[in-house]
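In this note's numbering, the protein residues as written are 806 to 1252. Comments concern the structure below.
Written out as structure tokens, the structure is:
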């Protein structure tokens, strides 16, 4: 029995060691590395990843993988910690076409596996690129979006395939082992979208990274699995999850580079809140609570499914509440991590504005667009955003990514922040990984 799709994946991975990546692909990958570290470091003191870190430390695993807390251990548990950190603030990059936060699990798996096995920064970056492309390709053909509509978290699901691809490349698996590793990853793939607004959602990301590493390591030891996970349109992984005949298509791997179509977040909330937040901020000069009778936010229906929280008692719930983000925008906030603190969540003025917000689904509206209307006692005021900042029509560039990095990491690394940024920007150059390791271990979180 043939397995066309898995063969294409295996060919892509097997050809990676000698493949010269295009310059724009390498640059995009380095942007992902810088952003991934920034959003992870900003989450170091959050309760969720701290619980995961303490739990993993109790395992007393042995290895050379390094967490961003400065702890060392075996690759799989360290990937769990770093993957969870990366998605905790929902501030991490996202591939809009698949609704997949690809860097989170992929870089966690690549970094942990590579460091544990003594691989170079260049090897790790190559594995990250390969994993990113495989995971995103698995979510194309609307598979990522269909996963959301069926109640599955695309990152928790697709992250298994990007993570196992990265780990398998770094472990040097042969073709039989590669096939088994993907079968082992697929049988673990899951993550429920209902977890949005709780610590379980970033845990999905850490678990996907960990499961990918485990799948690759067990395949290297000879554990076997089905080779039909992508190619059986009745019982394959996506046919089973979506309960419809469907297969992914990996034939464009190495020809179309999805990492160059990645999107970085300027706001520390679910991407589906960004456009209504921006539209609301345009109206901040028109907003006076005592003169507004109602507020309407028009969004793509998917935004309501994922970010339609009507209660926002916790910071995580606020990140998945369009109403709260609209209220932030109307009050002129920047939607940085501190805007989702308990102090802002309990602000009576923001809470009063959020209660006035009615979220209206519009099928024809893009996921990165929105219109917000204020019904005032003297008429209606409205503002429209066709493409939120960070989307493909308004991408963040290096200057914005570097600013985000400095704001997120300077409280931890102080005078070493610039040196860390410089090393991360040239992650794949000789000696840079050692510099990064030294800075992380010397930080307060690592002591």
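Note that CB positions come from ideal geometry on N, CA and C, so glycine has one too. Predicted model only: the values in this text are computed from it and were never measured.
In this structure, how does DSSP classify residue 864 when only helix, strand and coil are distinguished?
It is coil, neither helix nor strand.
DSSP beta-bridge partners for residue 1035?
Residue 1035 is not bridged to any residue.
Is the stretch 974-993 in contact with the stretch 944-951, if contact means three or more CB pairs nearer than 8 Å?
No contact exists between the stretch 974-993 and the stretch 944-951.
Going residue by residue through the stretch 1212-1252, where are the continuous alpha helix (DSSP H) segments of at least 4 residues, counting only ones entirely within it?
Runs found: 1222-1230, 1237-1247.
Let me confirm a value: residue 1100 is counted as buried when at least 16 other C-beta atoms fall within 10 Å, else exposed. Which label applies?
Buried: at least 16 other Cβ atoms inside 10 Å.
Since residue 891 is in the alpha helix (DSSP H), which residue starts that stretch and which ends it?
Unbroken alpha helix (DSSP H) run through residue 891: 880-892.
If you run the structure through DSSP and keep just helix, strand and coil, what is residue 1040?
It is coil, neither helix nor strand.
Among residues of its own chain, excluding the 5 on either side of residue 1008, which ones have a beta-carbon nearer than 6 Å to its beta-carbon?
Taken in chain order, the residues that qualify are 889.
Where does residue 1058 sit, in a helix, a strand or coil, going by DSSP?
Of the three classes helix, strand and coil, the one that applies to residue 1058 here is coil, per DSSP.
My understanding is that residue 919 touches residue 1234, with C-beta atoms under 8 Å, so please give their C-beta distance in whole angstroms.
Not quite, the Cβ-Cβ distance comes to about 15 Å (not below 8 Å), so this is no contact.
Secondary structure at residue 921, three-state DSSP: helix, strand or coil?
Three-state result, residue 921: helix.
Tell me whether residue 1179 sits in a helix, a strand or coil according to DSSP, three-state version.
Three-state DSSP puts residue 1179 in a strand.
On the three-state DSSP scale, how would you describe residue 1114?
Of the three classes helix, strand and coil, the one that applies to residue 1114 here is coil, per DSSP.
For residue 871, which beta-bridge partners are listed by DSSP?
Bridge partners of residue 871: 877.
Give me the Cβ distance between residue 1080 and residue 1174, rounded to the nearest whole Å; I'm assuming they're in contact under 8 Å.
Their Cβ separation, rounded to whole angstroms, is 5 Å, which keeps residue 1080 and residue 1174 in contact under 8 Å.
Does DSSP classify residue 902 as helix, strand or coil?
Coil, per DSSP.
Could you tell me if residue 829 is buried or exposed, where buried requires 16 or more neighbouring beta carbons within 10 angstroms of its beta carbon?
When all chains shown are included, residue 829 counts as exposed.
When you compare the CB positions of residue 1213 and residue 844, do they come within less than 8 Å of one another, or not?
Contact: yes.
In the DSSP assignment, find the beta strand (DSSP E) that holds residue 1188 and state where it starts and stops.
Residue 1188 -> beta strand (DSSP E) spans 1184-1190.
Consult DSSP for residue 1200 and reduce its assignment to one of helix, strand or coil.
Here residue 1200 sits in coil by DSSP.
Return helix, strand or coil for residue 974, following the three-state DSSP convention.
In the structure shown, residue 974 sits in a helix (DSSP, three-state: H, G or I).
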